[in-house]
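Encoded as structure tokens, the structure appears first; notes follow it.
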Amino acid sequence: MSQYIIIDAHVHLWEKQEGCVNGESIYGIGNGKSNFCGETRQMMPPYLEDNKNTAERLIANMDYAGVNACAVTQEYIDGNQNEYLLKVKEKYPDRFRITALFEDEGYRGKGFSPNGLGDIDLKDFDGIKICAGRLKNSDLTAITDVFKKAQTAGKYISIDLADGDEQTESLQKVIDECPDLKIAIGHFGMVTTKGWQKQIELAKNKNVFIESGGLTWLFHKEFYPYPSAIDAILEARDICGMEKLMWGSDYPRTMTDITYKSAIRFILETPKMTDEEKAAFLGKNAEKFYGFKNLVPLPEIDNML
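With the sequence shown counted from 1, adding 3 to any position gets you my numbering.
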């Protein structure tokens, strides 16, 4: 039995990838590869030959790695997955939190909604995903109404900001307007880019958290066991407190070179974090943010090694 509750704050799911960025299409072409705006990219592990990134496949990985639950985010490069995520949440309500995709002129994908959220009923979703770095207008105060809508509905915002401090000032203005809104800033503030600490500083606000989806991707050149990633976690801790930081994997894209379990092991194995810090980072903080209840550590599954 693992000693930790583990929650993944940043995963992606789709049955069919139908993405679009600035008019360029992204779609699966088999063996885990995708046509990415005219280029071939390994979007997911090659053994997923049908390019289906389903909840059931993720759950198999979660069970083996001891991950209790996860929060599904969205991205323009995958296409609007609202319909599929509603099915996932209905089928596995205790293991998933889901977001509705806010659409912008930078998307223009299948079923594009010029008013951002279309006619969806927010009550069926847990939050709203904003791909802020892809917005045509980078000033987040221009969509303050979306943040206010989430706050009124009791939903959270999952947001990936542009690199560095480009959008931190405008997001702070939105936070001041919506002090009771829970916000999860993704990709650990794009930690390998200049000015990333400004994104982390936003978590000094009461209801703003930071999640580490893509951390192993950002430190990919260094690779396992990612000592600089650990140092970045500790630097962020010193800025906003460990209680504001959440682990995330960015599954399945980061799984092209590492296993899901490895995305957790480098945290478990580091001597630079205390047991209390590991527990908070790996699950306790996310349990509070996403409102998961009655979680207990999952039993370990022995393998043939």
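Even for Gly, the Cβ is constructed at its ideal location relative to N, Cα and C.
Buried or exposed by the 16-neighbour rule on C-beta atoms within 10 Å, applied to residue i
i, result
"E303", "exposed"
"F115", "exposed"
"K1", "Here the chain comprises residues numbered 4 to 308, so residue 1 is not present and cannot be evaluated."
"T76", "buried"
"S231", "exposed"
"D148", "exposed"
"K185", "buried"
"A145", "exposed"
"Y50", "exposed"
"K97", "The sequence given here has Asp at residue 97, not Lys. The residue in question, D97, is exposed, as its Cβ has fewer than 16 Cβ neighbours within 10 Å."
"K113", "exposed"
"G26", "exposed"
Nearest-angstrom beta carbon gap, residue j and residue i [assumed within contact, 8 Å]
i, j, result
"C181", "I213", "Contact doesn't hold; Cβ gap of about 18 Å is too wide."
"M258", "M47", "7 Å"
"E78", "H15", "6 Å"
"I233", "T277", "Incorrect: roughly 13 Å between the Cβ atoms, too far for contact."
"G69", "P300", "7 Å"
Distance between residue j and residue i (C-alpha atoms, nearest Å)
i, j, result
"D179", "K209", "11 Å"
"Y254", "L61", "8 Å"
"H190", "L308", "32 Å"
"D142", "S5", "43 Å"
"R137", "K275", "35 Å"
"E290", "Y30", "33 Å"
"N38", "E279", "43 Å"
"Q170", "E238", "21 Å"
"Y87", "K176", "33 Å"
"K287", "D127", "24 Å"
"N118", "F105", "9 Å"
"I316", "V91", "In this structure the chain extends from 4 to 308, so residue 316 is not present and cannot be described."
"I80", "T155", "29 Å"
"A187", "N85", "19 Å"
"K139", "Y67", "40 Å"
"N54", "R256", "12 Å"
"I8", "A103", "26 Å"
Host beta strand (DSSP E) of residue i (start-end)
i, result
"K323", "Given that the chain is displayed from residue 4 to residue 308, the structure contains no residue 323 and the question cannot be resolved."
"V24", "21-24"
"T43", "42-45"
Start-to-end residues for the alpha helix (DSSP H) that takes in residue i
i, result
"A266", "265-272"
"T219", "218-221"
"K291", "288-293"
"Y110", "Note, Y110: premise wrong, no alpha helix (DSSP H); not H, not E."
"F150", "147-156"
"A63", "58-68"
"E280", "278-282"
"S116", "Taken as a continuous stretch (DSSP letters only), S116 belongs to no alpha helix (DSSP H), as it is neither H nor E."
Test item: CB-CB of residue i and residue j under 8 Å
i, j, result
"I133", "I160", "yes"
"G121", "A153", "no"
"I203", "G192", "yes"
"S173", "Y227", "no"
"L285", "I270", "yes"
"I10", "A63", "no"
"L164", "A206", "no"
"D168", "G198", "yes"
"E52", "G35", "yes"
"Q20", "G109", "no"
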